[in-house]
Structures are given as C-alpha cells and as structure tokens.
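J.:
In this note's numbering, the protein residues as written are 182 to 1129.
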C-alpha cells in the first residue's frame, strides 16, 4: 500500500469521478446534460481556480455548442496527442456516436465518464438505466468499465484513465445516473500522489509519438474498398484481446497502492452456490445485501458483479463462477425492443455455452427509467430460479398484465441494511432548502464522526416546487444500500400541506417507536385532528411514534427567512436524532451555514443562525391520544379534511386512471395495460393537477389596482389572471368577488384580478412586478376555501378576447395563451416581436432570456425579471429584431430596442455563479467578458448600419 495516507471525504459520485478526471487529463470538452453536468462544472471551476493536474498544468477545458461538437473536438484533441476526457449522458452520448467509431477505429486513448441514463422513447426520462451506454457505446469500439457505487466510481475512474493510455483504446466509464452520480457517500479519496505514481509515462510518450505532427506527418481517414476494409478492421483486434489483462494489471497495481481490490468480475456469496445472479451497476449493491440475507437463512446463492463489460472476457467470467452453480439469472437494466437476448445476457449465455457449462441461464429486465430495485426484488429473482424451468425475458418489480412477464413479488420486505444503521427520511419542497441542508448534514456526519454516511435525494421532474424526499443513512459499518429507505427511524415532513396529500406514504415507512417531526402551526390534539387525516393519525398511534411539531414557517418568517425552513428543521433533526452531542451538532450546523451563505452576506448568515436557535426551543412533543388508534375516515368529513386527489366530474379518463394515481405517488403500482400506447396523452391534463404547495398567495387590493396586468404577464405558472365581466356576471358572483370598473370606460365592463390558490407556488414575482402595491401575501390556509370558490367562478367566465389589442401588454392577458419564448425585460418589445412573428408568412424564431435556477439569482424566482433587466442593461442580452419585410436594406430591417451601459458588476453581484471567481483571475475573466459583450454590441451596431 502507498505510504501516502488516503483522506476520507463525503462526496457524491459526480464529484468523486471529476476529481480523478481532472487530475488525469490535459484537455476536456463539455456540454451540459443531466445528470453529467456537475462533472463539467466542477472541472471548469477548478481550472478557473488554477488547480494543477498530474502534468503540472491547469486543465484546458472548453464548452462546445452541442455534444456532437464535443465528440468532434475530443477526436481532434486525441489525434493531436492530448490526454482528453469528457462527460455526458443519454441523448448527449447518442450525438457522439459517429466520432466514437472514429476515435476507437484509430486506436486513440481517451475517457468518457457517463452517468448512465434512459433515452427518450415513448416518453422522456432523466433517471438511470443503461439504454444510452448499451445503445451508443456497445458497438462503437470503446472499452466499457462499470462502477456500482461512489467509491468504485472514484477508483475505477482512475483505472479507466490508466488502462486507456496503456491499451491505446478509448474507455467509457459508466455508473448509474442519479442513483450513483448524485448519491453522497463517505469514501476514501485517492491521494494525488498515488494517481501521479500510476500515470503511465511510457504509454503517453508512445501516444504522442503517433499523433499528428509536422515533423512526422501521416494521412488519416482513407477510403478502403471491399478488398481491404475487413483486414483493416481486424488489424485492431489484438488491442482488444490484450485489454482485459491490461485492465486487471491496473486494478492489481491500484490494490497495492490503496488496499482496495477489484477484478474484471467479482463474485460474492456462498462458495458452493447453486443459484447466481449476474448484474451491472448500482443494483449489485442491493443484490449483495439480498445474497447475504438469503445465505444467512441457509440458502446457497451468489452474485457476480460485472466490472469490464466490453471487451467481455469469457474466461475471466467463467473463472468467477462457483463450480456448483446450476442456474443463473442475468439482469439487464435496458430493453432492446424485440431482442431475444439483452446485452449482458447475450454475453453471459455465449460464455456459458462455449465453456460447455451445464446450467440453466435466463435473463430479465429491471429498473428502467430509475425504477427502484430493493433486496426483495433480487430475492424474487432467486425465488424464480427455484422453478424447474424458469422463464426467460422476465421483468422485475412491475405488474405486466398484458404479456405477463413479471415475477411474483417476494412475500416480505426484509430490512437488509447493516446492523446499527440509522435511516432518516425528509419530505420537502423543491427550492425550500431541504435537500441542500441534508447534503450538508451528511457531509457533517461523514467528516466529523467515525460514522459511515450515505445520502440520496429523490426528486420529481420539477426543478423547483416539486416533491423532494431525502434518504439519509448513517452507522458504524459501510453502507451500500443503493435503494430507497423502506424502514425509517426518523421521518420529517417539512410541508404541512403534504399531510393531506401524501400522509399515508410519509408515515408508512416509520418503524415502531420511530420519530416523526412535522412542520406545522398546529400544536394541540384538536388542531392536529382538524388537519391530519385519520389514517395518518391511526398509523402514528399504532407505531407508538414519537411525534413532534415545530412551526418552522413562522420561525423562519420571524427572522426574515420566509419559506426557508431547512435549517430550522435541520436543528430539530440534530436535537432529536442523537447522532452527535447537541452542542457539537449545532456548532457544526452553524459552521455549515456560514460556509454556505457567506457569499450572500453576513446578515443572511446571522438570520440563519437565529433560525437555528429559535428551532431548539420551538419543538413541541405531542402525546398521541389512545383514541387515534381507532381513527376512521368518517372523522375527516366531520373535521372538514378533504381528499385533495378526489375525482371530480371534470376529470378525463386519463387523469382519473393514470395521472391521479401518479399524483398520489402510487404510480409504481400502475399495471402495464393502463399506460397509453406510444406515450400519447390528452392535451391540457396539467390543469387538473392542483398541487396547493404555496405557504402564502397573492390577494388583490382593488383600490390600488391600475389594471396594467403585469402581474398576470409575469406569472410563470399562469396562476393569476385578469377577468372582464358584464355587470350581470358581476352581480351573480359569489360573496367576496369584488370587481371595479374596467379601463377604458368604453368597455362597459367590470374588472378583477384573481389568483388560482391551488396552482400558485407563492414565489412573489407578481407582487414584485406590481407597480401600484395592489397585491399582498396572505396565508393560504387562511384564504384557501374562499379563494377556491372565487377562482372557480372566474375560471368559468367566457373569455373576452376581442376586448383589447391582444398585442398590447394589457390586452395580451385576455387571450388564450400564445406559445412563444420571449423576454420579460421589456414586455412591450416582447409583445411587438410576437406580433411580427405571428404575422410573418415564413418561419420565425424568438429567443427568450430565461434566468436559470443554476445561476443562483439572489432573491430567487421573484427577482427573475429584475435580473433580466440588469443583463439587458449590461449588454449581456441585447433586445433587437430583424424583419425582412421592412425596407430594402439590413439597416431598415434591424430594430435595436436596448442600449447597454456595460455595468457587469451589478449582474455578477446578484448571481451566485460568478461568486466562485476570485482574485486576479476574476479580474482577467471579467475583462474578457466585457470585451466579449462589447464585441457583440459592435456586431449588432454594424448590422444596423449595413446598406445591403
């Protein structure tokens, strides 16, 4: 083992891989795509900071215009003798296919790090399976090396870089997107000195010698005919035959230096197993736990983890199998439609046949689109192998009621996590800070205690405003449970509205005498009974739960952090979870807060500190009454607790049978037959969703309103709208539906601004945009029932599309929505461009400046319009149009609607993405940015002066 001591760190998979890729590369080309984007971002940031790689330089990194451009640049870089890497996933990988064949065919070393992800077919999906790597890379000639968890992703990233150079072949190092790329684990970080020791300098010298160079020019890309092409292809075969040995040698060298051992195929399980599962990726972690559990019960089962998938070394695979094996199940996380043999099964079955091994071998599919795979799912596979003739091409974990491929569920969900592991679940709202706080907690526990730690964060498809579930585990033994928590010691619900929506799902995993913490303003038993459904109360009583309530929203508001409940709930967690002495835990939490928020100013740091202090005295213990054990659904009617997902007469069949169960978070139980063929769904289905996630919503003050309709125009969710009514409609309106005389008077109409209380997300953008102080926040719980009735009436009113010019700012808001991408920096210019685009007889293109959550705009969504205005003023986004119908020259056709001041500092100060730039390097980059901005403005000015 190397004399250099390894450092322990708590990292996610992307960070673990990026550390190695940066150190072992000279050049990288990037283009963002989920879930690989953070690797490129980190590498870019380290380069900006001047971090040195193994070659004593900073990484040369460039973002291209697309993944196709990335692949072309990687190819060119390899040909020129630069040690190159990139990061991509899914469709991004598909765009690289043509160049991948060229890179491999020319025997160029390089490494693609790929968090494997599904490919859009009948629907898009951003979660993990192996469709991308098995579709794009498998026939390309790239070697394919797979990692099952964060530690392996870190370690095998180095193996990939070393083996690629030694073998003179390109590598695709893949690991499960989201599940591994975004999972946080406590790992041993490879010291840079060890990486330096493993750099194969002789192989690099040979690589550079064959690169293009004026002193030894060569010609590439020839055209070969049928007489020679096949020989040319086979000329590279010896490289692939040598590759498994090169990879294993790199693994052995790595083991000598770090003490961590890997093989092309690693077997775990009973030495005389009769049943074996073969699998790639993170599911191997769940499979290993299942194997251990079944063997502890007296069975003889085993698991083969596949490391090097391509080239597939049949001899090494057969050597990994116990001689006693009688039946094998091969699990593929991909569906190649129409194929009898999925990719891994095809390789395994061929190896077994050629070795003349007598055993039953079947294949199955699992985990597509990120579907969670637990030890119980793997146990079902072993149960299937007990049959005299187990079925081939089975599926795991679903209900296939059409082709009947699915295996029967295992009769019990066994808790297979290591003994002593504490499991915690936190239900939050996207952008409320819950996920960020839990990431900090996992790092705090991992790096300040002897405990092992793991964190995984489950999101829906919404970047903000969606459901987040944080799964945290920590304990005295290594944790490899790469699946969602099934049995929780601690559950926290950070959004009180979730009780009525997802309450049963939230409390169901809680173990006997587990701790449940609710953020809510309800403190007494009577208040809780009036808001928490009967089945939730009954479950808490039956589990003898330790129940606590904290009004985190009120505490956050009291210190000027409205809506940011994360650190309050984190303080409650430390107070109740007993993972650290409370004084030490709070000290560490406050340290994390300072680290996270100091770029926003000391005032923000101190407000968060005050929130933590307030939380410690804000917890209220609820003594669960005995009668909750007998709580019945009929009590909900008495208390006025409504089922927010109850079917309504307006629901379509699709929404009732498909979308509604998904809303209830019961989508995993839907049968195959209920899904729409080809992924086609009815238009307008989202209007039935009604998430009701806002804490406060805007309420209209008619006395101040000037009827500009900017509130409606600026709302990203169309959740606040203006309405024009006849006097008869106004008279027939429900109580509280106040109207005023519409402007201009000639309309002879009544006017009202009405929010949709169940669609509003409470961002406050409409209030920020209102120039007349005619909107103010009120608590949703306080006004919801009244506002629902008022919105229902308003929404049924007929549209007055002909009342005003639909291309005026005001009149545009009385129309049916027009789909376009435009900027809110200047709404009048935006609508003028839309009008021109709609009337133009040919194709039109409108670009829209849309601030991204990744920019870190201070103030969040509510400040999007303001930051757009600042970017326009700075010249980072110029407002202009080109209409071929206007005049005879380019100068006549170009209209410029903005003039920059080049004030870049204002933009850079309000966006956190610029705060990583420091010192002299910052000044250098700011100067380069200003130069670029002025150059673009100069080009635009030149267009305005062109007389052609």
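Where is the CB? At the ideal position from N, CA and C, for every residue including glycine.
Please read all numbers here as calculations on a predicted model, not as lab measurements.
1) Taking residue 919 and residue 933 to be in contact with their CB atoms under 8 Å, please state how far apart those CB atoms are, rounded to whole angstroms.
2) Between which two residues does the beta strand (DSSP E) holding residue 1201 run?
3) Which of the three DSSP states is assigned to residue 693 in this structure?
4) With a threshold of 16 other CB atoms inside 10 Å of the CB of residue 1090, please say whether the residue is buried or exposed.
5) Go through its chain and collect everything with a Cβ distance to residue 591's Cβ below 6 Å, but skip five positions before and after it.
6) Starting from the Cα of residue 403, find the closest Cα among 283, 427, 187 and 228 and give me that residue.
7) Note down, in chain order, each residue of its chain lying with its Cβ closer than 6 Å to the Cβ of residue 891, except the 5 sequence neighbours on either side.
8) One question on the structure: do residue 688 and residue 672 come within less than 8 Å of each other, judged by their Cβ atoms?
9) When you compare only the Cα positions, how much space is there between residue 1026 and residue 1012?
10) Give me the DSSP bridge partner(s) of residue 638.
11) If you draw a straight line from the alpha carbon of residue 182 to that of residue 435, how long is it in whole angstroms?
12) Do residue 712 and residue 680 have their CB atoms nearer than 8 Å?
13) Which of helix, strand or coil does DSSP assign to residue 275?
14) Just to confirm, are residue 660 and residue 365 a CB contact at a threshold of 8 Å?
15) Taking all protein chains shown into account, do 16 or more other C-beta atoms lie within 10 angstroms of the C-beta of residue 818, making it buried, or fewer, making it exposed?
16) Please identify the residue among 1108, 1128, 1075 and 806 whose C-alpha is closest to the C-alpha of residue 1121.
17) Taking one C-beta from the segment 388-405 and one from the segment 214-221 each time, how about it: are there three or more such pairs within less than 8 Å?
18) Identify the residues that DSSP records as bridge partners of residue 432: which are they?
19) Count the other CB atoms, across all protein chains shown, that sit within 10 Å of the CB of residue 867; report buried if there are 16 or more and exposed otherwise.
20) Could you spell out where the beta strand (DSSP E) holding residue 327 opens and where it closes?
21) Between the segment 193-202 and the segment 328-347, can you find at least three pairs of beta-carbon atoms closer than 8 Å?
22) Once you ignore the five residues that flank residue 565 on each side, which residues in its own chain have a CB closer than 6 Å to its CB?
23) Whose C-alpha, out of 1046, 1096, 1119 and 1068, is nearest the C-alpha of residue 1081?
24) DSSP puts residue 879 in a beta bridge; with which residues?
25) How about the segment 775-782 and the segment 712-724: do they share at least three Cβ pairs that are nearer than 8 Å?
26) Kindly indicate which three-state DSSP category residue 906 falls into: helix, strand or coil?
27) Which residue's Cα is closest to the Cα of residue 894: 209, 948, 574 and 482?
28) Considering only residues of the segment 916-964, which uninterrupted beta strand (DSSP E) runs meet the minimum length of 3 residues and lie entirely inside it, listed in chain order?
29) Between residue 251 and residue 277, what straight-line distance do the alpha-carbon atoms span, to the nearest angstrom?
30) Within the segment 324-358, note down every full beta strand (DSSP E) run reaching 3 residues or more, in order along the chain.
31) Which of helix, strand or coil does DSSP assign to residue 633?
32) Using DSSP with H/G/I as helix, E/B as strand and the rest coil, what is residue 174?
33) Is the distance from the Cβ of residue 488 to the Cβ of residue 447 below 8 Å?
34) Mind checking who residue 190 pairs with in its DSSP beta bridge?
35) Which residues in the same chain have their Cβ closer than 8 Å to the Cβ of residue 1064, if we skip the five residues on either side of it in sequence?
36) Determine the contact status of residue 356 and residue 323, defining contact as a CB-CB distance below 8 Å.
T.: Taking the geometry as given:
1) Position 738 of the chain shown, counted from the start, is the residue given in the question as residue 919. Position 752 of the chain shown, counted from the start, is the residue given in the question as residue 933. Right, the Cβ-Cβ distance comes to about 7 Å (below 8 Å), so this counts as a contact.
2) This structure cannot settle anything about residue 1201, because the visible part of the chain is limited to 182 through 1129.
3) In the chain shown, the residue the question calls residue 693 occupies position 512. Strand at residue 693.
4) Here residue 1090 is taken as the residue at index 909 of the chain shown, counted from 1. Exposed is the label assigned to residue 1090, since fewer than 16 other Cβ atoms lie within 10 Å of its Cβ.
5) Taking the first residue of the chain shown as 1, we reach residue 591 at position 410. Same-chain partners within the cutoff: 557, 560 and 561.
6) For the purposes of this step, residue 403 is identified with residue 222 of the chain shown, where counting begins at 1. When each option's Cα is compared against that of residue 403, the closest is 283.
7) Position 710 of the chain shown, counted from the start, is the residue given in the question as residue 891. So the list reads 950, once near-sequence residues are dropped.
8) Taking the chain shown and counting its residues from 1, one reaches residue 688 at position 507. Taking the chain shown and counting its residues from 1, one reaches residue 672 at position 491. Yes, these two residues count as a Cβ contact at 8 Å.
9) Walking along the chain shown from the start, residue 1026 turns up at place 845. Walking along the chain shown from the start, residue 1012 turns up at place 831. Their backbone Cα atoms lie some 14 Å apart in a straight line.
10) Translated into positions along the chain shown, residue 638 becomes position 457. In DSSP, residue 638 forms a bridge with 651.
11) Residue mapping note: residue 182 aligns to position 1 of the chain shown, counting from 1. Residue mapping note: residue 435 aligns to position 254 of the chain shown, counting from 1. A caution first: residue 182 carries a pLDDT of 46, below 50, which makes its placement in the model too unreliable to give a value.
12) Within the chain shown, residue 712 is the residue found at index 531, counting from 1. Within the chain shown, residue 680 is the residue found at index 499, counting from 1. It is a contact, given that the beta carbons lie within the stated cut-off.
13) For the purposes of this step, residue 275 is taken as the residue at position 94 of the chain shown. Looking at residue 275 - three-state DSSP - the assignment turns out to be helix.
14) Stepping through the chain shown from its first residue, residue 660 is reached at position 479. Stepping through the chain shown from its first residue, residue 365 is reached at position 184. In this structure, residue 365 does not lie closer than 8 Å to residue 660 by Cβ.
15) Working through the chain shown from its first residue, we reach residue 818 at position 637. Under this definition residue 818 is an exposed residue.
16) Here residue 1121 refers to the residue found at position 940 of the chain shown. Nearest C-alpha to residue 1121: 1075.
17) no
18) One-based indexing of the chain shown puts residue 432 at position 251. Residue 432 is not bridged to any residue.
19) For this step, residue 867 is matched to residue 686 along the chain shown. With fewer than 16 Cβ atoms within 10 Å of its Cβ, residue 867 is classed as exposed.
20) Position 146 of the chain shown, counted from the start, is the residue given in the question as residue 327. In the DSSP annotation of this structure, the continuous segment of the beta strand (DSSP E) that includes residue 327 starts and ends at 324-327.
21) yes
22) If you number the chain shown from 1, residue 565 lands on position 384. Counting only Cβ-Cβ distances below 6 Å, and skipping sequence neighbours, we find 571 and 588.
23) In the chain shown, residue 1081 corresponds to position 900, counting from 1. Among 1046, 1096, 1119 and 1068, the Cα nearest to that of residue 1081 belongs to 1119.
24) Residue 879 sits at position 698 when you count from the first residue of the chain shown. Its beta-bridge partners are 958.
25) no
26) Within the chain shown, the letter at position 725 stands for residue 906. It is a strand residue.
27) Translated into the one-based positions of the chain shown, residue 894 becomes position 713. Nearest of 209, 948, 574 and 482 to residue 894, Cα basis: 948.
28) 931-936 and 956-960
29) Translated into the one-based positions of the chain shown, residue 251 becomes position 70. Translated into the one-based positions of the chain shown, residue 277 becomes position 96. Rounded to the nearest angstrom, the two C-alpha atoms are 8 Å apart.
30) 324-327 and 351-357
31) In the chain shown, the residue the question calls residue 633 occupies position 452. Strand, per DSSP.
32) No statement about residue 174 is possible, as the shown extent of the chain runs from 182 to 1129 and does not include it.
33) Taking the chain shown and counting its residues from 1, one reaches residue 488 at position 307. Taking the chain shown and counting its residues from 1, one reaches residue 447 at position 266. Cβ distance < 8 Å, so residue 488 and residue 447 count as in contact.
34) As a position in the chain shown, residue 190 is number 9, starting the count at 1. When beta bridges are read from the DSSP output, residue 190 appears opposite 368.
35) Taking the first residue of the chain shown as position 1, residue 1064 is located at position 883. Cβ within range, chain order: 1017, 1021, 1074 and 1076.
36) Translated into the one-based positions of the chain shown, residue 356 becomes position 175. Translated into the one-based positions of the chain shown, residue 323 becomes position 142. No, they are not a contact pair.
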